[in-house]
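Here is the structure we will look at.
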Amino acid sequence: MKRTLLFLLLSSFVALAEPTPIPLTSKLEKVTVFLNGAQIQRTAQTALPAGRTELYFKNLSPKLDKQSIQLRGEGNFTVLSVQAQQSYADEGVSRLEKTKQFDKRRAEIEANIQLEQKLLQVYKQEETLLLKNQELGGKVQTLKASEIKEAADFQRTRLTEVLTKQLELERKINQYTDELKVLNGEQTRVNTDTDQQVGEVWITISSPQPIAQAQFTLTYFVADAGWIPSYDARVNDLTKPLQLGYKAQVFQYTGEDWKQIQLSLSNADPRQRATQSMLKPWVTGQTNYYPELNPPISQTYNPTVTQVSGKVTDVAGVAIANASVMVSGTSLGTLTDENGFYRLSIPPKLPQSATQLVFAGIGFRSQRKPFFSEILDVQLEADQQALNEVVVRGQGIEYKRALTGAVQSLQGKVAGVPLELNEKEAPTSFTYDIKTPYTIPSDGKVYAVEVKQVELPALYEYSAVPKLNSDVFLTAQIPNWERYGLLNGDIQLFLEGNYVGKSTLNLDNTGDTLRLSLGRDKAVQVQRTKKKEFTKKSFLGSTQSEERRYEISVRNTRRQPISLVVYDQFPISKMKEIEILDHQASGAEVNAETGIFHWRWNLKPGEAQSAPFSYTIRSPKATASLLE
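Read in order, the letters of the sequence shown are residues -17 to -1, 1 to 611 in mature numbering (1 follows the signal peptide of the UniProt record, and there is no 0).
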């Protein structure tokens, strides 16, 4: 009877005991990378017993957004709760087990050190004994020459062995001591390294009956990832469409590597406010204040900034081209264009060491600034020592190597062949699903993914402003550009197979037709000449009149016909004493309000064209200095 009662009590205790949680080793299936952030999708499967069971996804990103967790299950069970928590990476061995291993190895090393020290002590005592025996033998008796030689040989041989053994033991002791230092350093790193932290998602399941194979799909959002659009624009023939290569500069430091996963790129930005701002009553005498339009201005790091642009100049205001702009502590960066302008996307939730932009240029002192605003202009001071070093070393090899490194880190690893993909358009976003598996490590580096190549119907047109610059610029006019899913980004320009520079695609204020600058073309020549023989002055009383004449000449040395637009201007007077008369620009379209006019010519291969223009300025003699 007593045995039966004891058996029933034990059975009841076992029934009431909490079941052991089941760890799920999940597989990373898909990552959707947004402009800021990424959505991770993992799958797992396991057998479920009947009743209430606890499961947990282990070794997830420690930076997952708890509010974004979604779980989908397949099977006859009910999900009672889902919650996230922080833990430590086990990698097959828990932190406690690692500590035990460290302690065991430390004890072994310390025992070896003690043993070697004891042996070293023995050999030192033997050394002392040998030296004393030598002195004692010389004082006690007089030895024959043969005996002295034999004793000396023995003394030398044995003393050499003893000293050699001492050196060997001291070397071993030093090796064990160094190993002990390394071991202590490793244990300190394991105990203090926050990278050892991982995320876990715990699930409570209720199942009416055992399930042989339950399927789970877990998705969650991580902020420490993103991609930056960039393009390659290639023009090989002015009679054919523009070849545009889409690229994505993908980066992530979420704490978990993305190995051979299905990668999707979305132009959505989950960090942006999803709700529309609403107007509030505007009462006279009171400030109609809207925080989103009047953000506080601070010179400290602003974590809400997702993109920074500006201009880099010297102290005199002259633009610095090819200056590097890098996010401190990362490989993210860009170079300024020929006018000193830059634009750089900023990843969210950067580590403490990566909250500044580092500006550097050859011959200038580098400068750091926290990105507190979306507009950040910088003036760099000249570094005379650096300039001298550039001159002495001939070609500034050291500085050029640094800038090259910045460019290479931005380009990252490029897939040489466009990847197979599907394009999906949602009401508020556009997504590229890349079918080929891809690997993006969690190292903060930028990996360039070549997404696709498209042909854009374009009208090519040359334009020039010879009053300001004798160079001619090629532009591509692309109608209906909205259908191609373009985003703001940097463009590498290639003309007839040659790299001609870098530009920026800015779609913020673009109309129905996108004008894309393709850089300078030396094959088209434009010249502006002042015709002195036609410039004359006449004086009548206190008034003077000056007639000025110029000539614009152009030449197409290309083997293809081109369309060329040349701009110039007439002066505009806002003073009653000064009049601008006799505007002459035959064949040009003139804007009377601005005084700007232009010619549009279609030039055949090798064809030249010229056009004069002139105007007269009538003014008092005292205002002659205002006419220049």
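All C-beta atoms, glycine included, are put in the ideal place defined by N, C-alpha and C.
Computed from a predicted model, the values in this text were never measured in an experiment.
> Secondary structure at N116, three-state DSSP: helix, strand or coil?
Replying inline: helix
> Using the C-alpha atoms, what's the distance from D426 back to S213?
Replying inline: S213 and D426: Cα-Cα distance of roughly 21 Å.
>> Can you check which of these residues, T82, V308, G502 and L451, is closest to G550 by C-alpha distance?
In response: The residue asked about is misnamed: residue 550 is Tyr in this sequence, not Gly. When each option's Cα is compared against that of Y550, the closest is L451.
>> Check for me: the beta strand (DSSP E) holding K49 runs from which residue to which?
In response: Careful: K49 lies outside any beta strand (DSSP E) and carries neither H nor E.
> Where I417 and Q243 are concerned, what is the direct C-alpha to C-alpha distance, given to the nearest angstrom?
Replying inline: 12 Å
> Should the segment 286 to 300 be called in touch with the segment 358 to 366, which here means at least 3 C-beta pairs below 8 Å?
Replying inline: yes
> What's the call for R137, buried or exposed, on a 16-neighbour Cβ count within 10 Å?
Replying inline: Inspection of the sequence shows that residue 137 is occupied by Phe rather than by Arg. When all chains shown are included, F137 counts as exposed.
> Can you check whether the CB of Y229 is closer than 8 Å to the CB of V434?
Replying inline: yes
> So, helix, strand or coil for residue 614, using DSSP?
Replying inline: Nothing can be reported for residue 614, as the shown portion of the chain is limited to -17 through 611.
>> Taking 8 Å as the threshold (C-beta atoms), are Q552 and P588 in contact?
In response: It is not a contact, given that the beta carbons lie outside the stated cut-off.
> Between the beta-carbon of Y443 and the beta-carbon of V507, is there less than 8 Å?
Replying inline: no
> Beta carbon of Q232, beta carbon of V429: below 8 Å?
Replying inline: yes
> Y445 by DSSP, collapsed to three states: which one?
Replying inline: strand
> Apart from the five residues on each side of it in sequence, which residues of its chain come closer than 8 Å, Cβ to Cβ, to Q496?
Replying inline: This sequence places Thr at residue 496; Gln is not what is there. Excluding positions up to five away in sequence, the list reads Q460, I461, P462 and W464.
> According to the Cβ coordinates, are V184 and F40 closer than 8 Å?
Replying inline: yes
> How is I600 classed by DSSP in three states: helix, strand or coil?
Replying inline: Residue state, collapsed to three classes: strand.
>> Need the endpoints of the beta strand (DSSP E) that N539 sits in, please.
In response: T526 to N539
> Just reading off the beta strand (DSSP E) that I309 is part of, what are its end residues?
Replying inline: Residue identity check: residue 309 is Met in the sequence provided, not Ile. Per DSSP, M309 belongs to the beta strand (DSSP E) from S307 to V310.
> Going by Cα to Cα distance, which pick from K148, L114, R503 and G58 is closest to P193?
Replying inline: The residue among K148, L114, R503 and G58 with its C-alpha nearest the C-alpha of P193 is G58.
>> If I measure Cβ to Cβ from K485 and keep anything under 8 Å in the same chain, skipping five residues before and after, which residues do I get?
In response: L318, D320, D473, I474, Q475 and L476
> Closest to K155 by CA distance: which of E110, N95 and Q198 is it?
Replying inline: Measuring C-alpha to C-alpha distances from K155 to each of E110, N95 and Q198 identifies N95 as the nearest.
>> Tell me the rounded alpha-carbon separation between R326 and L470.
In response: Distance between the alpha carbons of R326 and L470: 13 Å.
> Cα separation between L113 and E144?
Replying inline: 12 Å
> In whole angstroms, what separates the C-alpha of P595 from that of D491?
Replying inline: 38 Å
> Below 8 Å between beta carbons: does that hold for S189 and R351?
Replying inline: no
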